[in-house]
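A short write-up of the structure that comes next.
Protein chains: 2
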Amino acid sequence: MVGEAGGLARAAVVGTGLIGGSVLLRLRDAGLDVAGWDPQPAVRRRLRDRGVAVSDTVEQAVAGRDVVFVCGPLPTLPAMLARVAAATDDRCVLTDVGSTKAEVATAATAQGLGRRFVPGHPMAGADRAGLGAAGADLLDGAAWVLCPGPTGMDAFRRLTALLVDVFHARVVPMSAPEHDAAAALASHVPHVLAGALAGTVQRSALRDAVLALAAGSFADGTRVAGGPPERTANMLLANRDRVLVELTAVGAFLDEVAAALRAGDADALTGRLAEARAARATLCARGFTAHRREFPAGADHAGELAYLRELGAAGGHLTGCRVTAGAVGYTAHLPATPPLG
Amino acid sequence: MVGEAGGLARAAVVGTGLIGGSVLLRLRDAGLDVAGWDPQPAVRRRLRDRGVAVSDTVEQAVAGRDVVFVCGPLPTLPAMLARVAAATDDRCVLTDVGSTKAEVATAATAQGLGRRFVPGHPMAGADRAGLGAAGADLLDGAAWVLCPGPTGMDAFRRLTALLVDVFHARVVPMSAPEHDAAAALASHVPHVLAGALAGTVQRSALRDAVLALAAGSFADGTRVAGGPPERTANMLLANRDRVLVELTAVGAFLDEVAAALRAGDADALTGRLAEARAARATLCARGFTAHRREFPAGADHAGELAYLRELGAAGGHLTGCRVTAGAVGYTAHLPATPPLG
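From first to last, the protein sequence lines stand for chains Y and E. Each step along the first sequence adds one to the number in UniProt numbering, with nothing skipped, and position 196 is 196. Each step along the second sequence adds one to the number in UniProt numbering, with nothing skipped, and position 279 is 279.
Structure below.
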């Protein structure tokens with residue numbers, strides 16, 4: 001099942017919690033030679049019990065590998081990346097799965113890893129944490145952001161091919177800052193809103209009565225508030241400025257709704273809700289048109305990089321990447337409907 | 001299947017959209033004699049096509065019925081209730097399924113219907129509207145608020161028995177103002193937050209990139225923003241004061257999160273998120289303890305009413321109501337775990 005273009009047959013996963021564990025299990029199920037390591041001895045034991053090749057040190061786990069997924073908590077990533085880089089060959093592709101990208105991308109560039117580190121973020125998760133919540137199907141078909149850089153196109157292509165082949169990923173190419181800006185609204189602010197709703201109920205004198213009535217809108221709207229507070233806090237802190245910008249925008253929208261409500265202005269209120277519905281309708285009813293694009297494999301990559309970033313910014317994604325003699329070919333999908341309103 | 005205590009074998013449903021249609025289909029599947037009416041001729045035709053007894057006028061539909069569910073849009077309820085009351089016998093139990101209760105309860109009292117109108121609100125729904133989205137299972141096992149009044153205990157008991165028997169409802173007894181206060185946080189504010197999140201994305205220059213990354217937290221957090229704007233606006237306007245109060249509370253929580261984030265205060269941020277997680281943990285892990293309570297059927301109802309309202313305020317619900325010679329027996333469930341934090 002390993003992608004021909006990827007050629008990344010020997011993999012390692014460092015940090016085998018919810019996401020890292022899911023990556024590892026899926027790679028193994030796909031037939032790759034995969035080694036695992038986790039800082040917690042108990043987790044390493046559980047990996048061994050599941051038949052995974054586990055080393056006692058990071059260095060042993062990653063030595064001789066073609067690709068390493070660095071999957072620990074966000075604040076640990078820069079230091080762990082340096083350790084993994086020092087213990088691997090210059091041809092080994094490195095990636096991470098953190099929920100913000102600018103910080104780790106900057107750290108990697110400072111470490112001189114721009115050629116082989118490809119920042120990554122699979123858009124999937126669960127309320128629970130840890131290996132016990134991991135599963136080979138968690139990331140199946142997920143939107144998976146990769147951040148191609150000007151010097152790292154070869155690594156980007158190989159990793160894209162692997163993710164498409166093994167995870168059936170929809171690879172969304174974006175620069176790290178673009179990812180963080182979009183993820184603020186797509187993921188980080190939703191976590192804050194879920195927390196504010198659940199936290200307000202927790203403080204309310206009516207808490208028990210509210211929970212007695214809690215059904216779809218409350219259950220859905222608070223689901224991610226069930227996640228580990230430290231994990232969510234790390235995510236928000238690592239994208240602080242963008243999250244604050246978008247929280248201000250959400251606050252302004254809330255103020256408009258409250259003003260319309262206070263004034264009893266049904267038209268204004270309906271108008272705001274109709275704006276919201278338009279985004280939701282687009283999300284649920286998007287069609288995509290497929291196309292193929294080729295670029296010379298070895299030449300200057302400026303055109304390829306610009307194409308990829310435009311694709312991601314326009315809401316598109318890749319479902320194929322194949323490098324043949326002298327050329328790289330992408331299969332890509334763009335939203336078919338023009339943006340509404 | 002009809003409840004012995006209910007004795008409400010001949011039912012009518014007025015307004016057969018999402019909720020009314022679901023009520024009708026379930027009552028019919030349970031073997032009741034049920035008649036339907038909708039203001040839209042096309043909907044009446046579709047009901048007839050599905051084998052439902054449909055009348056051309058409200059008055060014909062409700063004549064001679066034991067119970068009538070009044071299910072149109074919120075603003076139409078007081079007038080429709082008056083029409084239905086005028087066309088039915090004094091022994092006919094009336095209820096509604098609107099998402100706010102104080103307004104319709106006050107209107108019913110003003111119409112002298114306190115003895116036979118029981119305000120109701122099943123806590124279930126869907127993003128779509130109309131008979132096409134209705135289904136006999138939509139309300140199965142739902143938390144279903146009923147508002148017992150001092151003069152309407154007999155109607156409350158019979159309706160409770162019917163809802164438990166036919167819908168397997170968890171009947172939550174509350175006064176109308178208590179319902180509206182709790183529903184503000186359990187349902188109305190979640191709709192506003194979903195709208196603010198989706199609406200902010202709709203206005204964002206990054207909209208397409210955000211939607212490309214949208215996964216669990218965004219999809220869940222915006223789901224109810226897909227509902228009809230007019231329906232949501234009616235709901236919010238009918239509970240305006242409580243919604244504004246709770247929006248202010250949510251805004252204060254958001255301000256605390258933003259301040260902690262701006263200050264880079266990981267401890268303060270984690271603390272707020274831990275409060276949120278506590279509510280979520282209670283919601284997901286509540287256990288209930290069952291008990292039975294009896295009251296004299298015909299005497300002064302003050303004790304029974306106080307018991308019922310305390311039950312709902314404490315997060316409890318009824319799963320049984322049986323009237324025997326001179327006594328009414330309830331099967332009730334209360335959250336087993338003491339409130340956290």
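Note that beta-carbon positions come from the ideal geometry of N, C-alpha and C, so glycine has one too.
Buried or exposed (CB count within 10 angstroms, at least 16 for buried), residue i
{"i": "threonine 270 (chain Y)", "result": "buried"}
{"i": "arginine 45 (chain Y)", "result": "exposed"}
{"i": "histidine 179 (chain E)", "result": "buried"}
{"i": "histidine 291 (chain E)", "result": "exposed"}
{"i": "glutamate 103 (chain E)", "result": "buried"}
{"i": "aspartate 300 (chain E)", "result": "exposed"}
{"i": "glycine 125 (chain E)", "result": "buried"}
{"i": "glycine 64 (chain Y)", "result": "exposed"}
{"i": "arginine 242 (chain Y)", "result": "buried"}
{"i": "aspartate 220 (chain E)", "result": "buried"}
{"i": "glycine 31 (chain E)", "result": "exposed"}
Spatial distance of residue i from residue j (CA atoms)
{"i": "threonine 324 (chain Y)", "j": "alanine 182 (chain Y)", "result": "33 angstroms"}
{"i": "leucine 334 (chain Y)", "j": "tyrosine 307 (chain Y)", "result": "12 angstroms"}
{"i": "valine 70 (chain Y)", "j": "leucine 138 (chain E)", "result": "44 angstroms"}
{"i": "lysine 101 (chain E)", "j": "valine 245 (chain E)", "result": "17 angstroms"}
{"i": "aspartate 29 (chain E)", "j": "tyrosine 330 (chain E)", "result": "25 angstroms"}
{"i": "arginine 257 (chain Y)", "j": "valine 84 (chain Y)", "result": "The sequence given here places valine at residue 257 (chain Y); arginine does not occur at that position. So the alpha carbons of these two residues sit roughly 50 angstroms apart."}
{"i": "alanine 268 (chain Y)", "j": "aspartate 127 (chain E)", "result": "21 angstroms"}
{"i": "threonine 232 (chain Y)", "j": "histidine 191 (chain Y)", "result": "7 angstroms"}
{"i": "methionine 1 (chain Y)", "j": "cysteine 147 (chain Y)", "result": "Because methionine 1 (chain Y) sits at a pLDDT of 37, beneath the cut-off of 50, its placement in the model cannot be relied upon, and the point is left open."}
{"i": "glycine 287 (chain E)", "j": "alanine 209 (chain Y)", "result": "15 angstroms"}
{"i": "alanine 82 (chain Y)", "j": "alanine 176 (chain Y)", "result": "19 angstroms"}
{"i": "proline 75 (chain E)", "j": "alanine 252 (chain Y)", "result": "28 angstroms"}
{"i": "valine 52 (chain Y)", "j": "cysteine 92 (chain Y)", "result": "21 angstroms"}
{"i": "alanine 281 (chain E)", "j": "leucine 113 (chain E)", "result": "41 angstroms"}
{"i": "alanine 35 (chain E)", "j": "threonine 319 (chain E)", "result": "26 angstroms"}
{"i": "alanine 79 (chain Y)", "j": "valine 54 (chain Y)", "result": "21 angstroms"}
{"i": "valine 13 (chain E)", "j": "alanine 279 (chain Y)", "result": "34 angstroms"}
{"i": "aspartate 255 (chain E)", "j": "glycine 312 (chain Y)", "result": "32 angstroms"}
{"i": "glutamine 40 (chain Y)", "j": "aspartate 49 (chain Y)", "result": "14 angstroms"}
{"i": "threonine 151 (chain Y)", "j": "aspartate 165 (chain Y)", "result": "24 angstroms"}
{"i": "glutamate 230 (chain E)", "j": "threonine 109 (chain E)", "result": "27 angstroms"}
{"i": "phenylalanine 218 (chain Y)", "j": "alanine 302 (chain E)", "result": "33 angstroms"}
{"i": "valine 62 (chain Y)", "j": "valine 328 (chain Y)", "result": "28 angstroms"}
Proximity below 9 angstroms, CB of residue i to CB of residue j
{"i": "serine 204 (chain E)", "j": "leucine 185 (chain Y)", "result": "yes"}
{"i": "arginine 201 (chain Y)", "j": "valine 250 (chain Y)", "result": "The amino acid at residue 201 (chain Y) is misidentified as arginine; the sequence shows valine. In this structure, valine 250 (chain Y) does not lie closer than 9 angstroms to valine 201 (chain Y) by Cβ."}
{"i": "valine 43 (chain E)", "j": "glycine 72 (chain E)", "result": "no"}
{"i": "alanine 142 (chain Y)", "j": "phenylalanine 167 (chain Y)", "result": "yes"}
{"i": "valine 68 (chain E)", "j": "alanine 11 (chain E)", "result": "yes"}
{"i": "valine 58 (chain E)", "j": "alanine 105 (chain E)", "result": "no"}
{"i": "glycine 199 (chain E)", "j": "alanine 276 (chain Y)", "result": "yes"}
{"i": "glycine 20 (chain Y)", "j": "valine 118 (chain Y)", "result": "no"}
{"i": "leucine 159 (chain Y)", "j": "threonine 95 (chain Y)", "result": "yes"}
{"i": "arginine 116 (chain Y)", "j": "tryptophan 144 (chain Y)", "result": "no"}
{"i": "aspartate 90 (chain Y)", "j": "alanine 9 (chain Y)", "result": "no"}
{"i": "leucine 47 (chain E)", "j": "leucine 193 (chain Y)", "result": "no"}
Residue of the options minimising C-alpha distance to residue i
{"i": "serine 187 (chain E)", "options": "E:Arg223, E:Gly303, E:Thr57 and E:Glu310", "result": "E:Arg223"}
{"i": "alanine 266 (chain E)", "options": "Y:Val145, Y:Met235 and Y:Gly227", "result": "Y:Met235"}
{"i": "leucine 305 (chain Y)", "options": "Y:Ala198, Y:Phe156, Y:Leu113 and Y:Val70", "result": "Y:Phe156"}
{"i": "alanine 314 (chain E)", "options": "E:Pro150, E:Pro173 and E:Leu94", "result": "E:Pro173"}
{"i": "leucine 213 (chain E)", "options": "Y:Leu283, Y:Val118 and Y:Pro150", "result": "Y:Leu283"}
{"i": "cysteine 321 (chain Y)", "options": "Y:Ala336, Y:Gly216 and Y:Ala161", "result": "Y:Ala161"}
{"i": "glycine 130 (chain Y)", "options": "Y:Asp220, Y:Phe295, Y:Leu318 and Y:Val23", "result": "Y:Val23"}
{"i": "arginine 207 (chain Y)", "options": "E:Gly316, E:Ala219 and E:Gly125", "result": "E:Gly316"}
{"i": "methionine 123 (chain Y)", "options": "E:Met123, E:Ala82 and E:Gly216", "result": "E:Gly216"}
{"i": "glycine 135 (chain Y)", "options": "Y:Ala9, Y:Leu27, Y:Leu254 and Y:Leu247", "result": "Y:Leu27"}
{"i": "glycine 7 (chain E)", "options": "E:Ala61, E:Asp154, E:Thr289 and E:Ala278", "result": "E:Asp154"}
{"i": "alanine 297 (chain Y)", "options": "Y:Asp255, Y:Gly326, Y:Ala281 and Y:Ala53", "result": "Y:Gly326"}
{"i": "asparagine 239 (chain E)", "options": "E:Arg293, E:Pro39, E:Val62 and E:Ser99", "result": "E:Ser99"}
{"i": "tryptophan 37 (chain E)", "options": "E:Gln60, E:Thr109 and E:Leu163", "result": "E:Gln60"}
{"i": "proline 228 (chain Y)", "options": "Y:Pro78, Y:Val13 and Y:Ala133", "result": "Y:Ala133"}
{"i": "leucine 211 (chain Y)", "options": "E:Arg293, E:Ala302, E:Gly31 and E:Ala285", "result": "E:Ala285"}
{"i": "alanine 263 (chain Y)", "options": "E:Leu261, E:Leu237 and E:Ala260", "result": "E:Leu237"}
{"i": "glutamine 111 (chain E)", "options": "E:Asp33, E:Leu77, E:Thr289 and E:Thr248", "result": "E:Leu77"}
{"i": "alanine 259 (chain Y)", "options": "E:Thr248, E:Ala260 and E:Leu261", "result": "E:Thr248"}
Taking only runs that begin and end inside the segment 96-147 of chain E, name each unbroken beta strand (DSSP E) of 3 or more residues, in chain order.
Entirely contained in the segment 96-147 of chain E, the beta strand (DSSP E) runs reaching 3 residues are, in chain order, 120-122 and 143-146.
Quick one: which residues of the segment 294-321 of chain E get their C-beta closer than 8 angstroms to a C-beta of chain C? List them in chain order.
The displayed structure is made up of protein chains Y and E, and chain C is not among them.
Could you tell me which uninterrupted alpha helix (DSSP H) segments, each at least 4 residues in length, are contained entirely in the segment 141-211 of chain Y, listed from first to last along the chain?
For secondary structure counted as the alpha helix (DSSP H) over 4 or more consecutive residues, the segment 141-211 of chain Y holds these complete runs in sequence order: 153-167, 176-183 and 189-203.
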